[in-house]
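Student:
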Amino acid sequence: MPELPDVEVFRRYLSSTALHQQIDSVNVVESSILKGVSTSKLKKSLEGERFLSAERYGKNLFVETSGRYWLRLHFGMTGFLEYFKKHNDIRHVRVLISFKNGYKLAYVCQRLLGQVSFEKSVDDFVSANGLGPDAMQVKLKDFRNIVDGRSAIKSLLMDQKKIAGLGNIYADEVLFQSKVHPKAACSRLGDDKVKEIYKNISKVINYAIKKKADPSKFGKNYLLPRRSTSDKCPNCGGAIKKIKVSGRSSYYCPACQKK
DNA sequence: AAAATCACCTGTCCGC
DNA sequence: TGCGGACAGGTGATTT
């Protein structure tokens with residue numbers, strides 16, 4: 020689930036729920052989810068503190084604390100947050116933060132592909148990991164420079180070091196909206212197509228956020244709810260095709276999206 | 001240099 | 001009903 024739009028929805032969710040409440044206790048249920056921080060340090064550094072604000076960069080959620088660190092949450096393929104008072108049937112809770120007001124915030128991650136860490140700042144993490152510009156903030160000038168070389172356009176859109184935030188399904192959606200084949204070589208795209216892809220990145224992201232990143236709420240001209248070879252292209256009615264690009268399943272319309 | 005492969009994990013679905 | 005394999009919205013290391 021968690022690509023940029025999902026994480027942005029999580030950010031807004033956390034901002035409207037868990038901010039400003041004093042943390043009573045932290046329970047690390049599965050310590051293998053922690054990266055570069057021990058269970059005891061996480062507990063010691065969070066207990067008694069409060070969350071002050073929440074930011075997002077790419078697919079990462081950063082929560083500012085009243086202590087020394089920012090808490091970074093990455094959600095892998097299956098992560099999400101749940102804020103609740105009474106709830107006893109949530110599976111795969113990996114970190115549980117209890118607040119003095121009686122509520123709890125659960126970081127849930129079924130496949131353990133997510134990460135929880137402490138960072139000095141958002142900028143620190145971004146530069147240390149060489150992340151590209153956030154997909155919601157990137158300027159056309161910079162995007163033009165990024166789209167270069169022989170690589171397939173979809174691989175580039177998914178490369179977090181080039182542009183941060185898009186993943187497998189939103190990269191597919193952007194290319195579908197732009198009528199560009201996922202394997203099209205970057206260097207062979209005309210400037211008009213580059214501009215169209217650029218515009219569709221923000222268009223798709225903003226639309227998805229508005230729909231709470233829930234594909235079942237997407238309109239009929241979107242590919243996202245139709246990621247199946249038994250489905251039809253919403254534009255031309257042709258069959259949706261499935262291929263591998265960068266090892267990931269890619270759905271597209273061969274009639275509308277030519278190389 | 002880019003793409004394929006594998007590895008990390010858990011769960012579900014499909015075919016035999 | 002059971003079992004094996006493929007696959008799932010991420011990412012990093014290693015190999016072609």
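Take the first sequence: its letters are residues 20 to 278, numbered as in the working numbering.
Ideal placement from N, C-alpha and C gives every residue a C-beta, glycine not left out.
Everything numeric in this text was worked out from a predicted model, so none of it was measured.
#1: For Glu68, which three-state DSSP category applies?
#2: With 16 as the cutoff for other CB atoms within 10 Å, does Asn164 come out buried or exposed?
#3: When the distance is taken between beta carbons, is Val48 closer than 8 Å to Arg113?
#4: Within 10 angstroms of the Cβ of Lys104, are there 16 or more other Cβ atoms? Answer buried if so, exposed if not.
#5: Scan the region 229-254 and note each continuous alpha helix (DSSP H) run of 4 residues or more that stays entirely inside, going in chain order.
#6: Start and end of the beta strand (DSSP E) containing Asn79?
#7: Compute the Euclidean distance between the alpha carbons of Ser235 and Pro244, then round it to the nearest angstrom.
#8: Could you check what DSSP says for Tyr122 in three-state terms: helix, strand or coil?
#9: Would you mind sorting Lys202 into buried or exposed? The rule is 16 or more other CB atoms within 10 Å of its CB.
#10: With which residues is Leu92 paired in a DSSP beta bridge?
#11: With 16 as the cutoff for other CB atoms within 10 Å, does His106 come out buried or exposed?
#12: Cα-Cα, which of Lys173, Leu65, Arg30 is closest to His42?
#13: Are there 16 or more other CB atoms within 10 angstroms of the CB of Asp142, so buried, or fewer, so exposed?
#14: So, helix, strand or coil for Leu100, using DSSP?
#15: Taking only the alpha-carbon atoms, compute the straight-line gap between Gly186 and Ser265 and give it to the nearest angstrom.
#16: Enumerate in chain order the residues of its own chain whose CB-to-CB distance from Gly95 is below 8 Å, with the five nearest sequence positions on each side excluded.
#17: Name the residue from Lys263, Leu92, Lys214, Tyr32 whose alpha carbon lies nearest to the alpha carbon of Lys160.
#18: Give every residue of the same chain whose Cβ lies closer than 6 Å to the Cβ of Ser174, excluding the five residues on either side of it in the sequence, and list them in chain order.
#19: I'd like the list of long-range same chain contacts for Glu192, defined as Cβ closer than 6 Å, with 5 residues on each side in sequence excluded.
Tutor: Let's see:
#1: coil
#2: exposed
#3: yes
#4: exposed
#5: none
#6: 79-84
#7: 6 Å
#8: coil
#9: buried
#10: Leu80, Val135
#11: exposed
#12: A quick correction: the sequence has Ile, not His, at residue 42. Looking at the Cα atoms, Leu65 is the closest of the given residues.
#13: exposed
#14: strand
#15: 12 Å
#16: Pro21, Cys128, Arg130, Leu131, Leu132, Gly133, Gln134
#17: Lys214
#18: Ser265
#19: Val223, Leu242, Leu243
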